[in-house]
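J.: Last residue of the sequence shown: 1284 (our numbering), numbering continuous.
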Amino acid sequence: MRHNLQSDGQLRPVDLAREHGLSTQAVRNYEAAGILPGAERTPHGYRTYTPLHAQALRAFLALVPGHGHQTATSIMQAINRDATEDALRLIDESHVQLLDDRRTLQAVEAALRDLEPVPQERGDTFVGPLARRLGIRPATLRKWERAGLVQPRRDPQTDYRVYTAADVRDALLIHQLRRGGYLLEQIAPLIVQVRSAGGVAPLESALRDWHARLSARSRAMLTGAAALGAYLDCRPDPARRPAESL
1039 MRHNLQSDGQ
1049 LRPVDLAREH
1059 GLSTQAVRNY
1069 EAAGILPGAE
1079 RTPHGYRTYT
1089 PLHAQALRAF
1099 LALVPGHGHQ
1109 TATSIMQAIN
1119 RDATEDALRL
1129 IDESHVQLLD
1139 DRRTLQAVEA
1149 ALRDLEPVPQ
1159 ERGDTFVGPL
1169 ARRLGIRPAT
1179 LRKWERAGLV
1189 QPRRDPQTDY
1199 RVYTAADVRD
1209 ALLIHQLRRG
1219 GYLLEQIAPL
1229 IVQVRSAGGV
1239 APLESALRDW
1249 HARLSARSRA
1259 MLTGAAALGA
1269 YLDCRPDPAR
1279 RPAESL
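1. Between the stretch 1081–1092 and the stretch 1100–1112, do at least 3 Cβ pairs fall closer than 8 Å?
2. Suppose you measure from the CA of residue 1188 to the CA of residue 1051; what does that come to, to the nearest Å?
3. Pick helix, strand or coil for residue 1267, following the three-state DSSP scheme.
4. Mind checking residue 1067: buried by the 16 CB within 10 Å criterion, or exposed?
5. Buried or exposed, going by whether 16 or more other CB atoms sit within 10 Å of the CB of residue 1286?
6. In or out: residue 1159 buried (at least 16 other Cβ within 10 Å) or exposed?
7. Restricting to Cα atoms, I'd like to know which of 1115, 1140, 1264 is closest to residue 1251.
8. Can you give me the Cβ contacts of residue 1055 inside the same chain, cut-off strictly under 8 Å, excluding the 5 residues immediately before and after it?
9. Considering only DSSP beta bridges, list what residue 1200 is partnered with.
10. So, for residue 1175: in the same chain, excluding its five sequence neighbours on each side, which residues have a beta-carbon less than 7 Å away from its beta-carbon?
11. Relative to the C-alpha of residue 1285, which residue among 1096, 1178, 1069, 1148 is closest?
12. Go ahead and pull the three-state DSSP assignment for residue 1080.
13. Expressed to the nearest angstrom, what Euclidean distance is found between the alpha-carbon atoms of residue 1086 and residue 1130?
14. In terms of DSSP beta bridges, what is residue 1086 paired with?
15. Go ahead and pull the three-state DSSP assignment for residue 1049.
16. Exposed or buried, what is residue 1194 when buried is set at 16 or more other beta-carbons lying within 10 Å of its beta-carbon?
17. In this structure, does DSSP put residue 1245 in helix, strand or coil?
18. Can you tell me which of the three DSSP states residue 1256 falls into?
19. If you follow the alpha helix (DSSP H) that residue 1112 is in, where does it begin and where does it stop?
20. Touch check for the stretch 1103–1116 and the stretch 1223–1231: three-plus C-beta pairs under 8 Å?
21. Quick check on the burial criterion: 16 or more other C-beta atoms within 10 angstroms. Buried or exposed for residue 1272?
22. For residue 1167, is the classification buried or exposed, using 16 other Cβ atoms within 10 angstroms of its Cβ as the cut-off for buried?
23. Contact check, residue 1229 vs residue 1208 under 8 Å by CB: the rounded distance?
What follows is the structure, encoded as C-alpha cells:
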C-alpha cells in the first residue's frame, strides 16, 4: 500500500546532507541530475525537501555500491520521470552482468585447474611443437603474440620463436579460456596478472579477493533493492496525480 510522504513535513538541504555526511551542494547536485525529485521553493527561493526526497537519497546511495554510480543515477532518473519499467530493466541488466562476472571467475578457475604443470627442467619449445600440443595452428600462436598475450623470444641465430616454460603456461591458459568462449581482450588482463604474480599459484589470493568482491556486490544489490523498494512505496501513484502535475 502506497504512503505519500510529500505532505508529511519539510526538510532543508542540510537535513538531507547531514544524514549521509554530504555537503548541501551535493544534495542540490543530485536534485539537478534528476536523482532526487524536484524540490519546491519558498517565496524567498529556498529549496524545501520532504521525507520523500530523503528516501530517494537513501535509495540512490544504497544502489551505488551494487550497481555503480552511473547505473544508480539512471535508475533514479527513470523512476523520477515515472518510467519504472526502464529502471527495473537497468536493475535486471546489472544482475545479468554480475552473473556474467561469476561465470567468468568460474571459467578462470577451471582454466587454472586444468593447466598442466609447467616443466621446470626444460622449458624451451618452438612454435610448431607448441601448436601441436595445443591442437591449434601456428598462425593462432602468432595472433596471440600480436595481441600481446604470449611473448616468445627470438633465437639470435635462426630467428625462430622460442617459448619458455612461462610462455607455455600462458599459452595453455589462453587456450583454455578461448575454448570457454572468451575474447582475447577479455583474456589479456588475466595473463598480465599471471605474469605479475610470477605464476598461477600466487593468483589464489587474487581469486579469493575476486570472490569476496562479487559477494559484496551481491549483498549490496540486496540492500539497494530494499531501499529502492521503500522509495517506490513512498512515491505517489502516477495514476492518481492531477493531470497538470504529470
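Glycine included, every Cβ here is placed at the ideal spot set by N, Cα and C. Quick caveat: nothing in here was measured; it's all calculated off a predicted structure.
T.: Put simply:
1. The stretch 1081–1092, when compared against the stretch 1100–1112, does not touch it at the 8 Å Cβ threshold.
2. If you take the alpha carbons of residue 1188 and residue 1051, they lie about 56 Å apart.
3. Reduced to three states, the DSSP call for residue 1267 is helix.
4. It is exposed - the Cβ of residue 1067 has fewer than 16 other Cβ atoms within 10 Å.
5. For residue 1286 there is no data in the structure shown, the boundaries of the chain being 1039 and 1284.
6. Because residue 1159 carries a pLDDT of 40, less than 50, the predicted location of this residue cannot be relied on, and the following value inherits that uncertainty. Counting C-beta atoms within 10 angstroms of its own C-beta, residue 1159 has fewer than 16 neighbours from the protein chains shown and is therefore classed as exposed.
7. Residue 1140 is the option with its Cα nearest to residue 1251.
8. 1061, 1062, 1064, 1065, listed in sequence order.
9. Residue pairing by DSSP places residue 1200 opposite 1164, 1191 in a beta bridge.
10. Contacts found: 1169.
11. Shown here, the chain extends from 1039 to 1284; a query on residue 1285 therefore has no answer.
12. It is coil, neither helix nor strand.
13. The straight-line gap separating the alpha-carbon atoms of residue 1086 and residue 1130 is approximately 33 Å.
14. DSSP lists 1078 as partners of residue 1086.
15. DSSP, read as helix, strand or coil, puts residue 1049 in strand.
16. Here residue 1194 is exposed: its Cβ has fewer than 16 other Cβ atoms, across all protein chains shown, within 10 Å.
17. Three-state DSSP puts residue 1245 in a helix.
18. Residue 1256: helix per DSSP, three-state reduction.
19. Start and end: 1107–1118.
20. Cβ pair count under 8 Å is below three, so no.
21. Under a 10 Å Cβ-count criterion, residue 1272 is classified as buried, with 16 or more other Cβ atoms of the shown protein chains found around its own Cβ.
22. Note on residue 1167: under 16 other CB atoms within 10 angstroms of its CB, so exposed under the neighbour-count rule.
23. Approximately 6 Å separates the beta-carbon atoms of residue 1229 and residue 1208; this is inside 8 Å, confirming the contact.
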